[in-house]
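This report concerns only the one structure given below.
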Amino acid sequence: MKKIIHTFSILFILFLTGCSSTGFNRGALQKQLSVKSPVVNDAEIAKALKLKPNLPRPFKVGVYFAPPKGHYNQQDWRWETKDKEIFLEIPKELKNTELISEVFQISQATMIGDDLQSIRLAAAKHGADAVLVITGTADVDRYNNSLGFTYILLVTAFFIPGSEVDALFMTNATLWDVRNEYLYLTAEAEAIVHKTYIPAFGKQNKELFSEAKSDALSKLKLEVLKMAQGIKK
Numbered sequence: 462m463k464k465i466i467h468t469f470s471i472l473f474i475l476f477l478t479g480c481s482s483t484g485f486n487r488g489a490l491q492k493q494l495s496v497k498s499p500v501v502n503d504a505e506i507a508k509a510l511k512l513k514p515n516l517p518r519p520f521k522v523g524v525y526f527a528p529p530k531g532h533y534n535q536q537d538w539r540w541e542t543k544d545k546e547i548f549l550e551i552p553k554e555l556k557n558t559e560l561i562s563e564v565f566q567i568s569q570a571t572m573i574g575d576d577l578q579s580i581r582l583a584a585a586k587h588g589a590d591a592v593l594v595i596t597g598t599a600d601v602d603r604y605n606n607s608l609g610f611t612y613i614l615l616v617t618a619f620f621i622p623g624s625e626v627d628a629l630f631m632t633n634a635t636l637w638d639v640r641n642e643y644l645y646l647t648a649e650a651e652a653i654v655h656k657t658y659i660p661a662f663g664k665q666n667k668e669l670f671s672e673a674k675s676d677a678l679s680k681l682k683l684e685v686l687k688m689a690q691g692i693k694k
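All residue numbers for the sequence shown refer to the numbering used here, where the first residue is 462 and numbers rise by one.
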């Protein structure tokens with residue numbers, strides 16, 4: 462009897478340990494937000510220092526939404542129409558500044574690659590003076606709370622809220638000069654959606670990511686608007 466109890470205790474501990482929160486690897490996620498591979502040498506530094514702002518007033522902005530990167534769980538999201546509309550409304554927000562005359566989306570069909578030069582080329586074909594590159598990445602962390610041990614009975618998975626999930630969406634915006642690759646601004650934002658749920662009825666990753674993405678993009682837009690007003694002629 463003691464042996465059975467001991468065995469059950471070990472299995473129980475392993476169950477709880479295996480279902481604990483693992484958190485997010487933000488360092489790895491940050492790397493997925495970049496559209497330009499960093500090359501650090503004196504020549505690149507000198508080249509960057511020589512670049513000067515070159516935008517007319519007002520100027521036209523093309524917005525490019527970079528496709529998702531990462532492993533399977535991190536790719537379980539997509540850019541939706543509502544996401545794109547958030548940034549297409551920027552001219553209305555800045556109508557009193559005479560800074561931006563038009564904002565439009567860069568069509569994926571005009572892209573020949575996913576690097577920054579390819580993005581600038583596509584933006585040039587659209588007649589943009591600057592291109593706003595929006596990138597995003599997501600991850601999910603599912604784990605059990607203090608009620609999770611009841612799932613050993615199996616049937617409890619249909620009515621006990623012993624599971625929790627954190628869905629993270631991180632996003633980045635960079636505004637580049639189409640002509641000379643001058644970087645005018647960079648902004649970042651993130652949002653986490655937390656849910657406690659019954660396993661049999663929990664939301665899928667894509668639903669959670671969509672909610673977190675909307676929150677993160679709303680924050681990102683505010684950062685972009687704030688920084689855009691400081692752009693020099």
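Note that CB positions come from ideal geometry on N, CA and C, so glycine has one too.
Since we're looking at a predicted model, the values are computed, not measured.
Can you tell which of the options has the C-alpha that lies nearest to the C-alpha of residue i?
i	options	result
Phe-565	Glu-541, Tyr-525 and Val-601	Tyr-525
Phe-520	Ala-585, His-655, Tyr-604 and Gly-663	Ala-585
Asn-515	Glu-672, Gly-574 and Val-639	Val-639
Val-496	Arg-581, Ile-551, Leu-577 and Asn-666	Leu-577
His-587	Asn-486, Glu-563, Glu-554 and Pro-529	Glu-563
Glu-505	Ser-624, Glu-642, Arg-603 and Asn-666	Glu-642
Asn-605	Leu-644, Leu-560 and His-655	His-655
Thr-657	Leu-644, Lys-687 and Asp-602	Asp-602
Ser-482	Lys-687, Val-685 and Val-626	Val-626
Glu-541	Lys-687, Glu-672, Leu-512 and Glu-554	Glu-672
Phe-485	Ile-653, Lys-687 and Leu-644	Ile-653
Leu-494	Ile-551, Glu-550 and Asp-575	Asp-575
Val-685	Lys-667, Ile-580, Ser-579 and Glu-554	Glu-554
Arg-530	Glu-550, Gln-665, Lys-545 and Lys-492	Before going on, a small fix: residue 530 reads as Lys here, not Arg. The candidate whose alpha carbon is nearest that of Lys-530 is Lys-492.
Tell me, which residues are paired with residue i by DSSP?
i	result
Ala-652	Phe-630
Trp-538	Per DSSP, none; premise fails for Trp-538.
Glu-563	Lys-521
Thr-483	Note: Thr-483 sits in no beta bridge, so no partner.
Glu-625	Tyr-604 and Thr-657
Phe-548	None; Phe-548 has no bridge partner.
Asp-638	Ala-591
Phe-670	Phe-670 is not bridged to any residue.
Leu-646	Leu-636
Residues in the same chain with beta-carbon distance under 6 Å from residue i, minus the five sequence neighbours each way, listed in chain order, please.
i	result
Leu-510	none
Gly-691	none
Phe-548	Val-524
Leu-512	Asn-641 and Tyr-643
Ala-677	Phe-630, Thr-632, Ala-650, Glu-651 and Ala-652
Step through the CB atoms of chain D and report whether any lies within less than 7 Å of the CB of residue i.
i	result
Asp-590	Included in the structure is just one protein chain, with no chain D present.
Quick one: what's got a C-beta closer than 8 Å to residue i's C-beta in the same chain, skipping five residues either side?
i	result
Lys-543	Ser-675
Leu-582	Ile-573
Leu-560	Arg-518, Pro-519, Phe-520, Ala-689, Gln-690 and Ile-692
Arg-487	Met-631
Return the chain-ordered list of same chain residues with a C-beta closer than 7 Å to the C-beta of residue i, the five sequence neighbours on each side being excluded.
i	result
Phe-670	Asp-537, Trp-538, Ala-599, Ala-628 and Phe-630
Leu-490	Thr-598, Asp-600 and Met-631
Lys-508	none
Lys-667	Asp-537 and Trp-538
Per the contact definition of three or more C-beta pairs closer than 8 Å, is the stretch 672-689 in contact with the stretch 648-656?
-> The stretch 648-656 is in contact with the stretch 672-689.
Please determine if the stretch 585-593 and the stretch 623-643 are in contact, where contact requires at least 3 C-beta pairs separated by less than 8 Å.
-> Contact between the stretch 585-593 and the stretch 623-643 is present: three or more C-beta pairs spanning the two stretches fall below 8 Å.
If you pair each beta-carbon of the stretch 515-530 with each one of the stretch 565-576, do three or more pairs fall below 8 Å?
-> yes
Which ranges does the beta strand (DSSP E) cover as unbroken runs of at least 3 residues, wholly within the stretch 551-600, from first to last along the chain?
-> 561-566
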